[in-house]
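Below is one structure, written out as structure tokens; the observations come after it.
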Amino acid sequence: MPPSSGRVQSLVVSHPALSFTASSAVLGLFALSPTPPLVPVALLVAIIRLSAWTFVPRQHGYVKGGLQALAIAASAGAAHLAPGLDATSTPRTAFVVLSAMSLGTSAFAVFLVFLGTRLGWSGNMHWSKLTVFPALWASGWGLMSEVTSVGQLVTWSPVVGQGPYVWMRQFFGQWGIDWVTAAWAVVISEVLGDWLVGAPDHDGDALVDTEPLLGDHAHPQYGSVATPADTKTSAPLSRSRSLLVLTGTLVLLMLPSYTFPVTPLPYTSGDTVTPFHVSCALPITRSGNPTLEDYIVETRRIQDKADVILWPESAVRFESPQEREEAFARIQNSSGVTNKKHIGVSFEEYVPADARGQPGHRYNGFALLSLKGPPAIEYYKRNLVPIVFSDPGHGPPAIFDVELDRPKGAAGPKTRLVPVTASICLDFASTSSFTPLENRAAVILAPAKTWHPSVGLAMWEQAKARAAETGASIVWCDGGRGGLSGVAEGRYSEIVQVGPGSWSKPLGVPYPFDERRTFYERGGQFATLGTVWAVVAAGYVVEIAFSDKAVGGVRVAVQTLAQKLRGGRPTEGNLLDM
């Protein structure tokens, strides 16, 4: 062993609490940014899993786990400090909010790891021990993203660096990515654990199934290992074979990505593709705060290039429903659009208190307007930033079929329909935003307004994730400071603009369009919940079926049946002797 490797090993063995806590804090700076990457998150979880083996069975073990959670929370807070300061009115408020969120998520993550360790020690089936934690990890963060208004933004779920696992989103959503992350953490922690204490001489369990070998002492406590005899023989898959199967599964899950296309559809192929032109209106003004008139002028300027012109989130503000209706009429009459074009207007609306004493409400809404008539789509934002004085909307967005002329030279009907829906900024941080829809939309209009470049990048990555899960093209129009705007698709994504400045982009929509939803959108959270736990259950059933006790029972049954068929008395010896 190289001297440097031996020194690291000696340090960890001699001072495990300090080593694991410090390494967790350092990894937290890289793993828990607003855009968590897969590899650093997997490494961080692996370190926490190693520490759980050490801390859980020992005196004050949970106190040490709590200190580790505090160290990770400090790193997460530091990684989110800049956007947090911009999100609130005072630094004190930012500190309180960041501290609460970072500590809560870090404590939850450590709790999941420690719980997975306890569950892993409760049985002697190797495959189940290795896979119960990935199932628990995916389930825990899936639940967390549903009960918080900021969704995936507070979880440890990777959104970048997924590489060959991106294809899994349309089948298993974020749950699949979380399962892969935790599974790699299991593989890494098992290998590191063997390296730290020395590979076991037998093919039993070195760290997982017995009291951990690492303690707060100068040397590993090899004398404390007491592997029961039945543990070595009760399961058909040894620990090393189970680990090899899990690693092979993770490698095999990479292969489908090489069969998925990575380029957009050619929008000029009129017979099989419907060209759909979109624009994002981001007028540049001296004050930096465009008015309603600025947006109308900008819409008139770019309307020849687009079938739908999208305004960013909270582009205009209305102090009453009447003011909103008057503004809608003005937009329809002044923007110069034709009856085949639509304008996606994003607005803030205040509904005053009524005569019955009901308090006033402020909503963040979106309306898709055509040349005349009521909005084709009217939707109100459901997920709001904490400590923002606004009210959430209720109900999912509707789907509207935008009618387009048939491309020149193409065969078929004179018009084609492109199903379009919409959602607003933070709604895209929820993995279940579009699961209530009965059909798949071809295009999702996404007005946004982020308050910091890192938040803009984080929300752009969330939009890309929802595009992969839904199979739709998402038009992201961010009017925030340094916001990213572009088009996100399952096969291809492109940032078109950073900051203010209007842009236009042609999209290719498959024709005829298949409105069937993806597997994940059809099954939603319950299907993925069943899938991750089915992996545990399937291995458990196989191990039970082929365990020594089960095989022995089958052997006795065969002997008994043979004796009855012969009509004789029981023979001595086993079936092989017969």
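Going letter by letter, the sequence shown gives residues 144 to 721 in my numbering.
Glycine included, C-beta positions come from ideal geometry on N, C-alpha and C.
As the structure is a computational prediction, the values presented were derived from the model and not from experiment.
Own chain residues within Cβ distance below 6 Å of residue i, not counting five before or after
i: Arg460; result: Glu491
i: Pro226; result: His595, Ser597, Val598
i: Tyr522; result: Phe509, Pro540, Ala565
i: Tyr683; result: Met268, Ser271
i: Leu588; result: Leu453, Gly487, Ala565, Val618
i: Ile638; result: Leu627, Gly629
i: Tyr365; result: Because Tyr365 sits at a pLDDT of 29, beneath the cut-off of 50, its placement in the model cannot be relied upon, and the following sentence gives the value as read from the coordinates. Same-chain partners within the cutoff: there are none.
i: Thr248; result: Val297
i: Pro426; result: Pro433, Asp437, Glu441
Beta-carbon gap between residue i and residue j smaller than 8 Å
i: Lys785; j: Ser636; result: Outside the displayed span of the chain (144 to 721) sits residue 785, for which this structure offers no information.
i: Ala195; j: Thr260; result: yes
i: His309; j: Ser400; result: Note on residue identity: the sequence assigns Val, not His, to residue 309. Yes.
i: Thr324; j: Val184; result: yes
i: Ala580; j: Val561; result: Sequence inspection shows Leu at residue 580; the Ala mentioned does not correspond to that position. Going by C-beta atoms, Leu580 is not nearer than 8 Å to Val561.
i: Leu389; j: Val330; result: yes
i: His223; j: Pro177; result: yes
i: Ser478; j: Ile439; result: yes
i: Ile486; j: Leu512; result: yes
i: Gly220; j: Leu241; result: yes
i: Ser430; j: Lys592; result: no
i: Ala722; j: Leu393; result: Residue 722 cannot be examined here, being either before or after the span of the chain that is shown, 144 to 721.
Buried versus exposed, by CB contacts within 10 Å (16 or more), residue i
i: Val188; result: buried
i: Leu719; result: Any answer about Leu719 is weak, because its pLDDT of 38 lies below 50 and its placement is not dependable; what the coordinates show is given next. Per the 10 Å Cβ criterion, exposed.
i: Arg473; result: exposed
i: Val416; result: buried
i: Arg660; result: buried
i: Gly623; result: buried
i: Asn507; result: buried
i: Gln605; result: buried
i: Leu408; result: buried
i: Glu289; result: exposed
i: Gln317; result: buried
i: Phe198; result: buried
i: Pro529; result: exposed
i: Glu469; result: exposed
Nearest neighbour of residue i, chosen from the options [CA to CA]
i: Gly538; options: Leu514, Arg549, Asp544, Ile567; result: Ile567
i: Thr674; options: Thr411, Asp570, Leu279, Gly247; result: Leu279
i: Leu453; options: Pro464, Ile617, Gly204; result: Ile617
i: Leu186; options: Leu172, Thr428, Asp414; result: Leu172
i: Pro655; options: Trp322, Ala585, Leu386, Pro426; result: Ala585
i: Met602; options: Pro301, Ala216, Ser385, Lys207; result: Pro301
i: Gln465; options: Leu255, Ser478, Pro495; result: Pro495
i: Ser271; options: Leu296, Gly651, Ala680; result: Ala680
i: Leu396; options: Arg499, Pro307, Thr178; result: Pro307
i: Pro653; options: Val545, Leu262, Tyr410, Leu241; result: Tyr410
i: Arg583; options: Ala670, Pro418, Arg665, Asp534; result: Arg665
i: Gly285; options: Ile687, Phe669, Val685; result: Phe669
i: Leu213; options: Pro502, Leu246, Gly204; result: Leu246
Residue i: first and last residue of the uninterrupted alpha helix (DSSP H) it sits in
i: Val302; result: Counting along the chain, Val302 falls outside any alpha helix (DSSP H), and DSSP gives it neither H nor E.
i: Glu468; result: 464 to 477
i: His269; result: 269 to 290
i: Val564; result: In the sequence on display, residue 564 carries Thr and not Val. No alpha helix (DSSP H) holds Thr564; the beta strand (DSSP E) holding it covers 558 to 565.
i: Arg100; result: Missing from the structure shown is residue 100; the chain here goes from 144 to 721 and no further.
i: Glu581; result: Note, Glu581: premise wrong, no alpha helix (DSSP H); not H, not E.
i: Ser597; result: 596 to 613
i: Pro159; result: 159 to 174
Residue i - containing beta strand (DSSP E), residue span
i: Tyr410; result: Run containing Tyr410: none; DSSP gives neither H nor E here.
i: His485; result: 485 to 494
i: Gly629; result: 627 to 631
i: Ile190; result: Unbroken run through Ile190 is the alpha helix (DSSP H), 181 to 198; no beta strand (DSSP E).
i: Val641; result: 636 to 641
i: Gly516; result: Note, Gly516: premise wrong, no beta strand (DSSP E); not H, not E.
Neighbourhood of residue i by C-beta distance below 8 Å, restricted to the same chain and skipping five residues each side
i: Pro556; result: Arg549
i: Ser422; result: Ile445, Gln446, Lys448, Ala449, Val451, Ile452, Leu453, Ser645, Trp646, Ser647, Lys648
i: Ser162; result: Leu154, Val155
i: Trp676; result: Ala278, Ser282
i: Ser575; result: Glu289, Gly667, Gln668
i: Thr164; result: Ser194, Lys207, Leu210, Gln211, Ala214
Sequence-distant residues of the same chain with beta carbon closer than 7 Å to residue i, five excluded per side
i: Asp359; result: Reliability fails at Asp359, whose pLDDT of 41 lies under 50, so the model's placement of it is uncertain and the value that follows must be treated cautiously. The answer, listed in chain order, is Pro159, Ala160.
i: Asp346; result: Caution applies to Asp346, whose pLDDT of 45 falls short of 50 and renders its modelled position unreliable; the model cannot decide the point.
i: Glu632; result: Pro407, Ala610, Ser616
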